[in-house]
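A short worksheet on the structure shown next.
Protein chains: 2
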Amino acid sequence: MTPKAKKTDLTTEQKIIHAARKLFTMKGYEATKTRDIAKEAGINLALLNYYFRSKEKLFEIIMQENVGQFMQVISDMVNNENTSINEKIELLVNNYIDMLTRLPDMPLFVMNHLKSTPQRTEMRERFMGSYFMKQIQQAMKKGEITTINPMNIMMNIVSLTIFPFIAKPMVQNNHSLSSEQFYNLMQERKKLIPKWIDAMLKSK
Amino acid sequence: MTPKAKKTDLTTEQKIIHAARKLFTMKGYEATKTRDIAKEAGINLALLNYYFRSKEKLFEIIMQENVGQFMQVISDMVNNENTSINEKIELLVNNYIDMLTRLPDMPLFVMNHLKSTPQRTEMRERFMGSYFMKQIQQAMKKGEITTINPMNIMMNIVSLTIFPFIAKPMVQNNHSLSSEQFYNLMQERKKLIPKWIDAMLKSK
DNA sequence: GTCTATAATTCGATAGAC
DNA sequence: GTCTATCGAATTATAGAC
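Chains as they are written, first to last, in the working numbering: chain A, 1 to 204; chain B, 1001 to 1204.
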């Protein structure tokens, strides 16, 4: 047996987490039934409560895991003191598009939760006090970029990167756009979004 | 009595629709209970089923109403033969921001539904065969705008306009950004988004 | 049309055997 | 740790009186 466990070698706890992650992110909290999680995990309903006391506790674990990953990409970007503005934007766009290609349900899942139960993410504070923010202000002062509310810069980068994954079912239905075409479109945007942001920052 | 009915003068059917619209868009299908709708409407639970046979039928009415409004803004824009490219963009951004200011829950509500039950919206076909599309292709041929996949243009306009409302709970928590500040930011974007799109279309 | 009462089902959670 | 069986609450929907 290799040290790397096969899928069937997962512990019961891991099997439940895997099943819960799949169903919660796919269908949301209310629409996901504990019976379905148990079935998907190949175990019994009672065992789910034995390991995780309640549906809500299990959900919180999955949600924090998702919120964490989601926020991490932004934190990594805005606090990096070794990259230029343009490099930061490229890094964030690349990381998000790669992540959301693997986990396309994540953004809607996270946004739904933040709406119903606002968290202390303090996105705005984190951004306003970040190294990225300082770089922007310096570039503005030097006249290298146009005068602009920094919130708009961050909002635009994230909008252009994430929204297409949220709107995917709208543009890509009935095979009008194949999965492969959508994938290619997103890969193409990795290079285009930084260029567009650059054009925006230099517009008068 | 004026011909315009007061809120308390609504028919029972209207009272139920109003309550259902509020709760469904706010909390989604599963989390909304028929009892709560009845309570919100000030009527009895049995009466809800008397008028609308089932929870699902009632939901479909509310959902189609929302999807319709959502799509209408795009249809109005891409099929208008009397406006320039820039005027079209300004119109769409203005209409969406005004609509979502009134109905901030709409985008998440609609996106959640389209994901779970893909509709025959054929957004891509409608766009690809539209008058707006023809204008873009002409402008590209004349070299007035840069060479770009038209899907990206539409995707960017909609992303920049709608995503901030979806991400609202993330940027605006714990009074870090007041409702008024958020409102002002969105109003400001009415003028900025068309400028940014313009810069994007002229970038090399 | 509107109500009260309740049927029928579903769901989260637990008891208790192994 | 894992299972079967079941409880108790919640929820959608309906029956039947007025």
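Quick reminder that beta carbons are idealized off the backbone N, C-alpha and C, glycines included.
Amino acids of chain A, ordered along the chain, whose beta-carbon sits closer than 7 Å to that of residue i
{"i": "M1151/B", "result": "L185"}
{"i": "A1199/B", "result": "A199, M200 and S203"}
{"i": "S1178/B", "result": "Within 7 Å Cβ-Cβ: nothing; S1178/B doesn't reach chain A, min ~11 Å."}
{"i": "K1115/B", "result": "L108 and P169"}
Under 7 Å from the C-beta of residue i: neighbouring residues of chain B
{"i": "M140/A", "result": "By Cβ distance, chain B contributes nothing, its closest Cβ being about 15 Å from M140/A, past 7 Å."}
{"i": "R124/A", "result": "V1171, S1176 and L1177"}
{"i": "L192/A", "result": "N1152"}
{"i": "K22/A", "result": "Near K22/A there are no residues of chain B at all, since even the closest Cβ is about 15 Å away, more than 7 Å."}
Neighbouring residues, chain A, relative to residue i (Cβ below 8 Å)
{"i": "Q1119/B", "result": "N173"}
{"i": "G1028/B", "result": "G28, E30 and N112"}
{"i": "I1166/B", "result": "M111, F163 and I166"}
Chain-ordered neighbours of residue i on chain B, where CB pairs are closer than 9 Å
{"i": "L100/A", "result": "Residues of chain B passing the Cβ test: none, with the nearest at roughly 13 Å."}
For residue j and residue i, believed in contact at Cβ under 8 Å, the rounded distance
{"i": "I145/A", "j": "L92/A", "result": "Contact flag wrong, Cβ pair sits at about 17 Å."}
{"i": "R120/A", "j": "N1174/B", "result": "7 Å"}
{"i": "S215/A", "j": "E1122/B", "result": "Here chain A has residues from 1 to 204 only, and residue 215/A is not among them."}
{"i": "P118/A", "j": "K168/A", "result": "With a Cβ gap of about 26 Å, P118/A and K168/A do not count as contacting."}
{"i": "L48/A", "j": "I16/A", "result": "6 Å"}
{"i": "I1043/B", "j": "T1012/B", "result": "6 Å"}
{"i": "V1067/B", "j": "S1130/B", "result": "Not quite, the Cβ-Cβ distance comes to about 19 Å (not below 8 Å), so this is no contact."}
{"i": "Y96/A", "j": "V73/A", "result": "6 Å"}
{"i": "F132/A", "j": "K88/A", "result": "6 Å"}
{"i": "M99/A", "j": "Q69/A", "result": "7 Å"}
{"i": "E30/A", "j": "E1030/B", "result": "3 Å"}
{"i": "N112/A", "j": "N1112/B", "result": "7 Å"}
{"i": "L1185/B", "j": "M170/A", "result": "Not a contact, Cβ separation roughly 25 Å."}
{"i": "I166/A", "j": "I1193/B", "result": "With a Cβ gap of about 18 Å, I166/A and I1193/B do not count as contacting."}
Under 8 Å by beta carbon: chain B residues contacting residue i
{"i": "N156/A", "result": "L1160 and W1196"}
Cβ contact (3+ pairs, closer than 8 Å) linking the segment 1008-1026 of chain B and the segment 188-195 of chain A = When Cβ pairs closer than 8 Å are counted between the two stretches, the segment 1008-1026 of chain B is seen not to touch the segment 188-195 of chain A, the count staying below three.
Review point. Just checking, does the segment 1057-1069 of chain B make contact with the segment 1136-1145 of chain B on the three C-beta pairs under 8 Å criterion?
Key: No, the segment 1057-1069 of chain B does not touch the segment 1136-1145 of chain B.
Within the segment 21-92 of chain A, ranges of the beta strand (DSSP E) (whole runs, at least 3 residues): Listed in chain order, nothing qualifies, since the segment 21-92 of chain A has no complete beta strand (DSSP E) run of 3 or more residues.
Margin query: Under 8 Å, with one C-beta from each stretch per pair, do the segment 1044-1060 of chain B and the segment 1095-1109 of chain B reach the 3-pair mark?
Written below: They do not touch, by the three-pair rule.
If we count Cβ pairs, one from each stretch, closer than 8 Å, do we get three or more for the segment 114-133 of chain A versus the segment 160-167 of chain A?
When Cβ pairs closer than 8 Å are counted between the two stretches, the segment 114-133 of chain A is seen not to touch the segment 160-167 of chain A, the count staying below three.
contact_flag[the segment 148-159 of chain A, the segment 193-200 of chain A] where n(CB pairs < 8 Å) is 3 or more:
Output reads yes: the segment 193-200 of chain A touches the segment 148-159 of chain A.
### Query
Mind pulling the alpha helix (DSSP H) runs of 4 or more residues that sit fully within the segment 97-149 of chain A?
Taken in chain order, the whole alpha helix (DSSP H) runs of length 4 or more contained in the segment 97-149 of chain A are 106-116, 123-128 and 131-141.
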